[in-house]
Amino acid sequence: MQQARAQAGYASPSDAARALREINKNTLISHENGNRPLSRKAAEKYGRLFGVDPGWLLFNADGAEAAPVSLQPSPVTVDVPIVSW
Numbered sequence: 014m015q016q017a018r019a020q021a022g023y024a025s026p027s028d029a030a031r032a033l034r035e036i037n038k039n040t041l042i043s044h045e046n047g048n049r050p051l052s053r054k055a056a057e058k059y060g061r062l063f064g065v066d067p068g069w070l071l072f073n074a075d076g077a078e079a080a081p082v083s084l085q086p087s088p089v090t091v092d093v094p095i096v097s098w
């Protein structure tokens with residue numbers, strides 16, 4: 014989580030909390046140091062605010078780079094049967 018915060022441009026939890034106003038500094042610190050478990054809802058919020066995948070925040074334990082979230086729509090292809098009467 015510290016990596017995601019830093020990559021988003023916030024040097025400290027205080028900087029992030031002051032700039033974003035949607036998060037509590039003490040809660041963020043507790044989440045970052047592992048004193049408080051990270052819920053799915055909190056991961057979704059941090060993911061949105063820091064621009065990373067919430068799943069990366071919840072499940073990355075190997076120290077890999079934070080994966081940025083693509084904000085571009087991706088094409089979806091679907092097979093549709095042709096029905097004639």
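Reminder that position 23 of the sequence shown reads as 36 in our numbering, one-by-one numbering, no gaps.
C-beta atoms are modelled at their ideal positions from N, C-alpha and C, and glycine is treated no differently.
- 4 or more residues per run - each alpha helix (DSSP H) lying fully within the segment 21 to 71: Taking only runs of at least 4 residues, the alpha helix (DSSP H) segments lying wholly in the segment 21 to 71 are 26 to 33, 38 to 46 and 53 to 63.
- Three CB pairs or more closer than 8 Å across the segment 91 to 98 and the segment 40 to 55: Between the segment 91 to 98 and the segment 40 to 55, the count of Cβ pairs shorter than 8 Å is below three; the stretches do not touch.
- Item | Cβ neighbours of residue 38 in the same chain (closer than 7 Å, five flanking residues each side left out) | Answer for residue 38: 26, 27 and 30, listed in chain order.
- Query: Closest to residue 71 by CA distance: which of 57, 64 and 61 is it?
  - Reply: Nearest to residue 71 by alpha-carbon distance, out of 57, 64 and 61, is 57.
- Query: Pick from 34, 49 and 88: whose alpha carbon is nearest that of residue 14?
  - Reply: Nearest neighbour of residue 14 by Cα position, chosen from 34, 49 and 88, turns out to be 49.
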